[in-house]
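Peer 1: This note's numbering puts the first residue of the sequence shown at 4, with every later residue one more than the last.
We treat Cβ as the ideally placed atom computed from N, Cα and C, and that holds for glycine.
This structure is a prediction, so every number in the text was calculated from the model and none was measured.
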Amino acid sequence: MKYIYLLIFFVIGCSNSNNLDNNFGIVIHGGAGTILKENMTLELEEKYKNALREAVLIGYDILNNGGTSEKAVEKTINYLEDSPLFNAGKGAVLNFDGEVELDASFMEGKNLNAGAISGSKKIKNPISTAIKVMNSSSHVMLSGKGADDFAIQHNMQTVEQNYFKTERRINSLKKIKSIENNKVSNLLNSDYRVQKLGTVGCVALDKFGNLSAGTSTGGMTNKKWNRIGDAPIIGAGTYANNNSCAVSSTGWGEYFIRGVVAYDIAALMEYKNLSIKKAAKTVINKISKMGGDGGVIAIDKQGNIAMEMNTSGMYRAHINSKGEIDVKIYK
Ligand code: ASP
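#1: Look at the Cβ atom of residue 332, then the Cβ atom of residue 318, and state whether they are nearer than 7 Å.
#2: If contact is defined by three or more beta carbon pairs under 8 Å, each pair taking one atom from either stretch, is the segment 87 to 94 in contact with the segment 202 to 219?
#3: Measuring CA to CA, which of 316, 324, 320, 323 is closest to residue 41?
#4: Run the proximity test for residue 92: is its beta-carbon closer than 6 Å to any non-hydrogen atom belonging to the ligand ASP?
#5: Count the other CB atoms, across all protein chains shown, that sit within 10 Å of the CB of residue 210; report buried if there are 16 or more and exposed otherwise.
#6: Around the Cβ of residue 155, are there at least 16 other Cβ atoms within 10 angstroms (buried) or fewer (exposed)?
#7: For residue 2, which residues does DSSP report across the bridge?
#8: Do you know how far the Cα of residue 250 is from the Cα of residue 75?
#9: Any heavy atom of the ligand ASP inside 6 Å of the beta-carbon of residue 234?
#10: Tell me whether residue 222 counts as near the ligand ASP, meaning its Cβ is closer than 6 Å to at least one heavy atom of that ligand.
#11: What separation, rounded to the nearest whole angstrom, lies between the Cα atoms of residue 10 and residue 60?
#12: How is residue 332 classed by DSSP in three states: helix, strand or coil?
#13: Is it buried or exposed, residue 44, if we count other Cβ atoms within 10 angstroms and call 16 or more buried?
#14: When you compare the segment 168 to 182 with the segment 46 to 59, are there three or more beta-carbon pairs, one atom per stretch, that lie closer than 8 Å?
#15: Helix, strand or coil: which one does DSSP assign to residue 18?
#16: Run the CB neighbour count on residue 172, radius 10 Å, all protein chains shown included, and call it buried at 16 or more, exposed below.
#17: At a cut-off of 6 Å, is residue 256 close to the ligand ASP when judged by its beta-carbon and the heavy atoms of the ligand?
#18: Thinking C-beta only, is residue 263 closer than 7 Å to residue 282?
#19: How big is the Cα-Cα spacing for residue 35 and residue 298?
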């Protein structure tokens, strides 16, 4: 009898490991915008590349060990949120009042479940709370004090505003305000484009064939009136559907909301059979025509990917199931 049990365990083990041989992959971004080699020091470039490499490897290890795309996206984004280099979590940009307000969203492609938070002033890792909203509430999006209260009630880590603030972002706000006061509107426009840099996002396909997408940001420097961008909006900043792909956006959020960017890419694949690259290109072209700028990362259920942008750069990285890694900054 003992041997029969052993045999059953062996057969189950084999069928699981067959499942675990499936294709998988992960793509991340750390924001798109006017990133020019001539404005970058070699040292800073290395810092960004190392952070992107470390982040994407966190997700890769989870997927390689048979973890879910949900976990891979969460832990990878947590790393980027904790890094002061990116406009998410620590190091997020400051609003008009000199405060940090954080937005994030997450979606899983299997059941089209989603969770999001916007305008949080306390949540250390917004992506984890977005996932908590998805898994432990009957809602999709919570905002402001409500999102912070939900995080506290669910034992998510919260911190004081000072934790998020960095000298670089304090100086950026000062600079943008002085330009605004001088009413040099052209300059303001170009500076505005630069200052929204650094949103982070991650899309992943796990060995079980499930796609997930997540995005986390501080939004735009000097934002007023509880402005909310595309990052926490399902269909604009984030979308995942096992029938098509997982997408995370970065860029001028107002255009990405109006263009329903993330969903549009998935819809072109599902209803028009476009490849992931063609779909992402088509939608980025649409954003260009509208006058917006930014980029997207996407992965489909075969592990094909897209990293498209109409800006001079996008911090980004990809690893496939063979462990081949690609880290890039410029277009
Ligand atoms: N999309 C973000 C927003 O508009 C900013 C960015 O991705 O750079 O809030």
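Peer 2: The structure says:
#1: yes
#2: yes
#3: 316
#4: no
#5: buried
#6: exposed
#7: Residue 2 lies beyond the stretch modelled for the chain, which goes from 4 to 334, so this question has no answer here.
#8: 15 Å
#9: yes
#10: yes
#11: Any answer about residue 10 is weak, because its pLDDT of 49 lies below 50 and its placement is not dependable; what the coordinates show is given next. Cα-Cα distance, rounded: 36 Å.
#12: strand
#13: exposed
#14: no
#15: Bear in mind that the predicted position of residue 18 carries a pLDDT of just 39, short of 50, making it unreliable; the figure below should be weighed with that in mind. In the structure shown, residue 18 sits in a helix (DSSP, three-state: H, G or I).
#16: buried
#17: yes
#18: no
#19: 6 Å
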